[in-house]
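Top to bottom, those sequences are chains A and B.
Letter 113 of the first sequence, counting from 1, is numbered 113 in this note's numbering, and no numbers are missing.
One gets this note's numbering by counting positions in the second sequence from 1 and adding 1000 to each.
There are 2 protein chains.
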Amino acid sequence: MLQTTIEMEKAAGILKLLGDKTRLTMLKLIDEQTCCVCEFVEIFQSSQPSISQHLRKLKDLGLVKEERKGQWIFYSVNNKSEYYSFIKPILDQLPDQDDKLKELEKKGTRISCC
Amino acid sequence: MLQTTIEMEKAAGILKLLGDKTRLTMLKLIDEQTCCVCEFVEIFQSSQPSISQHLRKLKDLGLVKEERKGQWIFYSVNNKSEYYSFIKPILDQLPDQDDKLKELEKKGTRISCC
DNA sequence: TAATTATATAAATATACACTTATATATTCA
DNA sequence: TGAATATATAAGTGTATATTTATATAATTA
Chain A
1 MLQTTIEMEK
11 AAGILKLLGD
21 KTRLTMLKLI
31 DEQTCCVCEF
41 VEIFQSSQPS
51 ISQHLRKLKD
61 LGLVKEERKG
71 QWIFYSVNNK
81 SEYYSFIKPI
91 LDQLPDQDDK
101 LKELEKKGTR
111 ISCC
Chain B
1001 MLQTTIEMEK
1011 AAGILKLLGD
1021 KTRLTMLKLI
1031 DEQTCCVCEF
1041 VEIFQSSQPS
1051 ISQHLRKLKD
1061 LGLVKEERKG
1071 QWIFYSVNNK
1081 SEYYSFIKPI
1091 LDQLPDQDDK
1101 LKELEKKGTR
1111 ISCC
């Protein structure tokens, strides 16, 4: 097998994180874009702590990276992660979620600082 | 995007099932082989009901198929499943688990009926 | 046909997980 | 510098999930 493999325990841990609709949708959204916490709060109609806690789990495994810009913290998928090649084929099979961001833009609540 | 997509909710449900070390290892094992319940019990050092319940969940989503041969029921990944193309790239990135079956053969507890 | 072996299912229990509530920290702006 | 905004964290709570215990079903074999 030429393909890179990933330790079983690690793989299960990552898949468990992806096995949540909110986190999975988050990852798909920020695979090629960037979102801040308050945008997620609006998109998922969830509380701010709930969103923060989901992001924390993704960050703990190094799957996402954050970048502060003023008062906002923007999240995106960490394509430098050693597990990116593991999750990328999964994300690629998910339906595009850009309509969710389009909705924010329409409502004028999309944050595009700088 | 040319790739087939899968509904978000369904994808999360499947990934949640894969996000368990026992089930993930099971799937990897039976992607190209066939195993019966008692073999899993020995491989994972788990109780028989525990193994049966894991298999039930995989079967409920159609990810595995079963075939009775005498007193044994053999399980294998259902490559006819509409979700097989979703899980296959994941399984392909996992380390080979054949050593687990080799171990059974060495101990003489591998079931190879017929 | 009775005993044995393999598997499934149901109920009970213990643990893991997501979400809420409350609070802390950090940045911006008046 | 004080108020407002954005985010994080900690503690508490409720729900989901895995595992055990107990029992049922099905096939085999003596």
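The C-beta atom is built at its ideal place from N, Cα and C for all residues, glycine as well.
None of the values given here were measured: they were computed from a predicted structure.
Checking the sheet assignment: what are the DSSP bridge partners for residue i?
i	result
residue 1035 (chain B)	B:1075
residue 65 (chain A)	A:76
With a cut-off of 8 Å on the beta carbons, I'd call residue i and residue j a contact; round off their distance for me.
i	j	result
residue 48 (chain A)	residue 1005 (chain B)	Residue 48 (chain A) to residue 1005 (chain B), Cβ: 30 Å. No contact.
residue 30 (chain A)	residue 64 (chain A)	7 Å
residue 13 (chain A)	residue 1012 (chain B)	At roughly 16 Å, the Cβ-Cβ gap does not stay under 8 Å, so residue 13 (chain A) and residue 1012 (chain B) are not in contact.
residue 1090 (chain B)	residue 73 (chain A)	Going by Cβ atoms, the distance from residue 1090 (chain B) to residue 73 (chain A) rounds to 30 Å, so no, they are not a contact pair.
If you compare alpha carbons, which of the options is closest to residue i?
i	options	result
residue 1036 (chain B)	B:1021, B:1075, B:1029 and B:1061	B:1075
residue 41 (chain A)	A:61, A:24, A:52 and A:19	A:52
residue 80 (chain A)	A:68, A:69 and A:61	A:61
residue 22 (chain A)	A:97, A:33 and A:13	A:97
residue 67 (chain A)	A:34, A:91, A:88 and A:90	A:34
residue 103 (chain A)	A:59, A:32, A:43 and A:69	A:43
residue 1056 (chain B)	B:1071, B:1070, B:1077 and B:1045	B:1077
residue 59 (chain A)	A:83, A:106 and A:91	A:83
residue 10 (chain A)	A:45, A:32, A:87 and A:50	A:87
residue 7 (chain A)	B:1107, B:1095 and B:1008	B:1095
How would you call residue i, buried or exposed, if buried means at least 16 neighbouring beta carbons within 10 angstroms?
i	result
residue 1039 (chain B)	buried
residue 28 (chain A)	buried
residue 25 (chain A)	buried
residue 16 (chain A)	buried
residue 1107 (chain B)	exposed
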